[in-house]
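Protein chains in written order, with our numbering: chain A, -9 to 92; chain B, 13 to 496. For every residue, glycine included, the Cβ atom is placed at its ideal position computed from N, Cα and C. Since this is a predicted model, take the numbers as computed values, not measurements. First the structure, in the form of structure tokens, and then the observations on it.
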Amino acid sequence: MNTVPIAAYISVSAVLFALGLLGVLSRRNPLLLLLAVELMLNAANVALVGFSRFHETTDGQVFALVVMVVAASEVVIGLGLVVAVFRQRLELNVDLMSRMRG
Amino acid sequence: MADINIVAATPVIIVAGTSVVTLSLGLVPWRRVRLYGPLLAAGTALIAAMVMSGVLWGDRQLAFDGNIRADRFSLLLNFVFLIAALAVIMFSWREPASVDRRGEWPSLVLASTAGMMLVAGSGDLITLFLGIELLSVALYALCAIEVWRERSLESGLKYLIVGAVGSAFFLYGLAMLFGATGSLKFSEIGREISQQSLANEPFLLAAIALIVVGLGFKASAAPFHMWTPDVYEGAPTGITAFMSTGTKAAAIAAFLLIFQGILPGVEGDWQAAIITIAVASIVVGNIAALVQRNLKRLLAYSSIAQAGYLLIGIATGTIAGAEATLYYLFAYLAMTLAAFAVVLIRERQVPDGERLESLSGYWRTSPLLAVVMTIAMLSLAGFPPLSGFVGKFLLFGSAVDADLAWLAVVGAIGSVVSVVYYLRVVGVIWFGQTDPEREERRLGPVTGATVVGVTSALAAIALTFATNPILDVCRGAAESLLAP
């Protein structure tokens, strides 16, 4: 059986991780920042599943499933905070969130 | 058949279980239960978990097929986390801010504590990641829990985004570690690395770099510290104290667990990375703290510098270094809790309590707390005979023994610089003029915080005189890291 080489999995996941990091550095809206972070976490998932196949064990896939749950809970807190900020009628832009400086 | 052995996991189970109970207690219809129930339940659970950690003390026991360990290392760190959590519970006793959030507040503190205990007691990469996330996610919510206060929200959102990026780096590093070794269990990863000389293997190098970045965010080590002052300033002061003691201890525990526990064979690959962030933290933390007039920001920058000192012990890669790091974690816990207790009390006495000026001539109104703050500041600066001095002496000594004398010199110079801003606080307290127009009022109860402050200040002194027995315990804990 022809299998996808491990290098392919890792390349895809590295590109996804880099895209996520780029998003975190360039976006200013908290919602989009959360999306970018999700991309980084899922890049790790791709790597985990790829390595899992490479080493012929299911451990990595179990880890990936756990990561999905954790990522979901992180987003729930994030969205909750965004709604709370919105209710206070604050600007949804992390650059303007600078009441504290120094 | 997997071995469950649930007894070895009881400290975590008690804390995590009570987290759910406190949440429910905050919802019952009886007002008295709602007011005191959650805090009492949380305090009881924390003390019970401490007792269980003491009972389990001894050689390594494994629970859940080795995914949770109970050994001297994890049990010793449990005490750091549980004491920090207990202090937060005492801080919030009858606090107005948590009036309508009676249940959530202790529940989230307990969830975060359970996460810290999972980190120190993890036996595989999944448990380690879950622990880090449990402690962080609960803290994101705790930072923003005063939703009516703009700064609290800002602090929560900033911490969430930076913390999530840190977690992503950390997770990607764990994935690379799994890729390099083909296993998630610490014991098997350690064996794999020592058997097939994996030094300089690209996946392993990537794993080390990513894990250092990820944990650097969590431990607020420079250059991953940008979030620290803002988050520490905006969060409720009790939570700031919890973050700067508990979270830092958990991140340092993860550093020790990974680099000294499972990667000691490839020291050459990671030592330079740890040294870099240690030096950066000492330099950045101490220099930025010099200009701070806000006590919470000052303590935030000081905590960045302290993270640098702690990392020196890890960078040595020796048992003596790990031992010194563990001792300093206890000293740091005592002096930081004492300092934050005084800031918290001052915040409840005057409207601008977190400003340095609010402590001006404080010894006239409250000599006891003035002494507490003085002890905390002198200990943080490293004056003998306080425990901060003993801890730094041990840390720098371990660096000299590991042929890293220049690192000890950097640490010593950093400490000398830090004397300036710590002594400024002491000077303001004892030689400042009291402002007669300052409005003194009771914005909240101070009894719980006073008890915490006085106890911590006494502990900061007592740790010096009990150095030898405590060092023996720390040595046992450091050695248990390397036990097969």
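| field | Spatially closest choice to B:S31 from B:R43, B:W42, B:G250, B:T56, by CA coordinates | value | B:T56
| What separation, rounded to the nearest whole angstrom, lies between the Cα atoms of B:Q318 and B:S179? | Roughly 22 Å between the two C-alpha positions.
| task | Quick one: using the 10 Å Cβ neighbour count with 16 as the cut-off for buried, is B:R358 buried or exposed? | result | buried
| field | Three-state class that DSSP yields for B:R367 in the structure shown | value | strand
| Among residues of its own chain, excluding the 5 on either side of B:G38, which ones have a beta-carbon nearer than 7 Å to its beta-carbon? | R46, P50, R114, G115, E116
| said: So the candidates are B:A350, B:A414, B:F93; which of them puts its Cα closest to the Cα of B:T386? | reply: B:A350
| Pick from B:S206, B:L494, B:N79, B:A474 that is closest to B:F342, judged by C-alpha positions | B:A474
| message | Just to confirm the assignment, what range does the alpha helix (DSSP H) spanning B:Q361 have? | response | Membership of B:Q361 in the alpha helix (DSSP H) is indicated by the continuous run 331 to 361.
| query | At what residues does the alpha helix (DSSP H) containing A:A4 begin and finish? | reply | -4 to 16
| task | Using a Cβ-Cβ cut-off of 7 Å, state whether A:F7 counts as contacting chain B. | result | yes
| query | Count the other CB atoms within 10 Å of the CB of B:W239; is the residue buried (16 or more) or exposed (fewer)? | reply | buried
| said: Here's the rule: buried if 16 or more other CB atoms are within 10 angstroms of the residue's CB, otherwise exposed. What is B:G133? | reply: With 16 or more other Cβ atoms inside 10 Å of its own Cβ, B:G133 counts as buried.
| Within the 7 Å Cβ cut-off, does A:P(-5) reach chain B? | no
| task | Could you work out which residues of chain A lie near B:F405, taking near to mean beta carbons separated by less than 8 Å? | result | Within chain A, no residue comes near B:F405; the closest Cβ sits about 32 Å away, beyond 8 Å.
| query | What are the complete alpha helix (DSSP H) segments, minimum 4 residues, inside the region 283 to 332 of chain B? | reply | 307 to 328
| field | Residues that A:L25 contacts on chain B, provided the C-beta gap is smaller than 8 Å | value | Within chain B, no residue has its beta carbon less than 8 Å from that of A:L25; the closest one is some 11 Å off.
| request: List the residues of chain B whose Cβ lies closer than 8 Å to the Cβ of A:S63, in chain order. | output: E145, V149
| said: Using 7 Å as the threshold, is the C-beta distance between B:T125 and B:V243 below it? | reply: no
| field | Alpha-carbon spacing of B:A420 relative to A:S1, whole angstroms | value | 41 Å
| Any contact of the region 156 to 168 of chain B with the region 140 to 148 of chain B, i.e. 3+ C-beta pairs under 8 Å? | No: fewer than three Cβ pairs fall under 8 Å.
| query | Using a C-beta cutoff of 7 Å, does B:I294 count as contacting chain A? | reply | no
| Interface flag, A:V73 vs chain B, CB-CB below 7 Å | With respect to chain B, the C-beta atom of A:V73 has no partner C-beta closer than 7 Å.
| said: My assumption, with CB atoms under 8 Å, is that B:A346 sits in contact with B:S399. Please give the rounded CB distance. | reply: 7 Å
| query | Of all Cβ atoms in chain B, is any one closer than 7 Å to the Cβ of A:M58? | reply | With 7 Å as the cut-off, A:M58 does not count as an interface residue toward chain B.
| In whole angstroms, what is the alpha-carbon distance linking B:L122 and B:A54? | B:L122 and B:A54: Cα-Cα distance of roughly 7 Å.
| task | Just tell me which of B:S199, B:F395, B:V291 has its CA closest to the CA of B:G228. | result | B:V291
| query | If we count the other Cβ atoms within 10 Å of its Cβ and call it buried at 16 or more, is B:P396 buried or exposed? | reply | exposed
| task | Between the Cα of B:Y374 and those of B:L392, B:V437, B:A312, B:A336, spot the shortest distance and give me the residue it belongs to. | result | The closest CA to that of B:Y374, considering only B:L392, B:V437, B:A312, B:A336, is found on B:V437.
| request: Report the neighbours of A:L31 on chain B: residues whose CB is nearer than 9 Å to its CB, in chain order. | output: Under the 9 Å cutoff, chain B gives A176, S179, A180, L183, Y184.
| request: Have a look at the DSSP bridge pairing and note the partners of B:D136. | output: B:K197
| query | Using the rule of at least 16 other Cβ atoms within 10 Å of the residue's Cβ for burial, across every protein chain shown, is B:E369 buried or exposed? | reply | exposed
| What does a CB cutoff of less than 7 Å around A:R17 pick up in its chain, not counting 5 residues either side in sequence? | L23, A26
| said: Going residue by residue through the region 364 to 405 of chain B, where are the continuous alpha helix (DSSP H) segments of at least 4 residues, counting only ones entirely within it? | reply: 374 to 377, 379 to 393
| Does the region 323 to 335 of chain B come close enough to the region 374 to 384 of chain B to have 3 or more Cβ pairs within less than 8 Å? | no
| Nearest-angstrom Cα separation, counted from B:P481 out to A:M30 | 45 Å
| alpha helix (DSSP H) runs wholly inside the region 204 to 274 of chain B, at least 4 long, in chain order | 214 to 230, 239 to 246, 249 to 254, 260 to 267
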